[in-house]
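Residue numbers (my numbering): 4 to 237. Report on the following structure.
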């Protein structure tokens with residue numbers, strides 16, 4: 004079981020390093036968000052799902068010795084004779100803590116599975132709490148703004164129209180997704196200070212980002228620039 008635990012640790016470490024390097028290279032240009040998102044999910048799955056392949060972590064000599072010991076279990080016990088011809092059995096394999104050597108690897112695997120399940124459950128709970136908090140602190144946007152979003156979503160060919168909600172909190176416009184339709188949160192103070200033509204940029208920006216699949220559960224924007232249309236990429 005110790006060999007199994009080492010194979011699990013070694014294979015997961017090697018796969019995670021390779022996938023992490025690929026994600027870093029793909030994310031540098033920020034031009035392939037769909038591929039980057041898929042690779043991030045693959046890396047997460049590689050960390051949470053037990054490996055299906057194992058890497059040899061023992062040298063060939065050690066593996067041969069382990070195989071020989073498993074094939075001939077009787078050879079594990081050695082019988083020695085003392086000077087007075089009194090037989091004594093030397094239990095070479097029975098050392099203190101032998102139960103840990105035998106079942107320690109299985110225990111490590113169980114602990115790893117429990118830890119991964121706890122992390123995944125905590126992440127899902129945080130997502131649900133985040134969604135409930137935003138839903139309680141916001142309300143549907145004016146029909147005019149939501150109508151703009153519907154029109155633009157149809158023009159872009161989106162299957163689902165983003166739901167625009169407003170809030171009185173002092174925040175930057177934010178788009179988030181935790182299942183279902185993408186939601187766009189816009190502060191009322193910003194809507195009251197914008198002209199109708201400027202308000203249209205809000206309806207264009209986030210459906211366009213949804214089309215590019217650049218949202219990953221939560222997407223906080225670093226400020227909104229309604230007048231800089233050159234930075235809008237569809």
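Ideal Cβ positions, reconstructed from N, Cα and C, are used throughout, including at glycine. Computed from a prediction, not measured in an experiment: that's the story for all the values here.
Ranked by Cα distance from residue 29, the first of 188, 41 and 18 is 41. Shown here, residue 186 sits in a strand according to DSSP, grouped into three states. Annotation: the stretch 116–163 contains the following complete segments of the alpha helix (DSSP H) (minimum length 4 residues), in chain order: 146–159. Here the C-alpha atom of residue 117 lies approximately 10 Å from the C-alpha atom of residue 124.
CA-to-CA, the gap between residue 114 and residue 131 works out to about 26 Å. The beta carbon of residue 23 is closer than 7 Å to those of 46 in its chain, skipping five residues each way along the sequence. With contacts defined by Cβ atoms closer than 8 Å, residue 168 and residue 141 form a contacting pair. Looking at the backbone, the Cα of residue 20 and that of residue 12 are separated by about 12 Å.
Between residue 145 and residue 173, the gap from beta carbon to beta carbon reaches 8 Å or more. The criterion of a C-beta distance shorter than 8 Å is not satisfied by residue 163 and residue 178. By the neighbour-count definition (other C-beta atoms within 10 Å, threshold 16), residue 17 is an exposed residue. Within its own chain, the residues whose Cβ lies closer than 6 Å to the Cβ of residue 171, once the five positions on either side in sequence are excluded, are 191, listed in chain order. In this chain, the beta strand (DSSP E) harbouring residue 168 covers 166–170. Residue burial is scored here from C-beta neighbours: residue 121 has fewer than 16 other C-beta atoms within 10 angstroms and is therefore classed as exposed.
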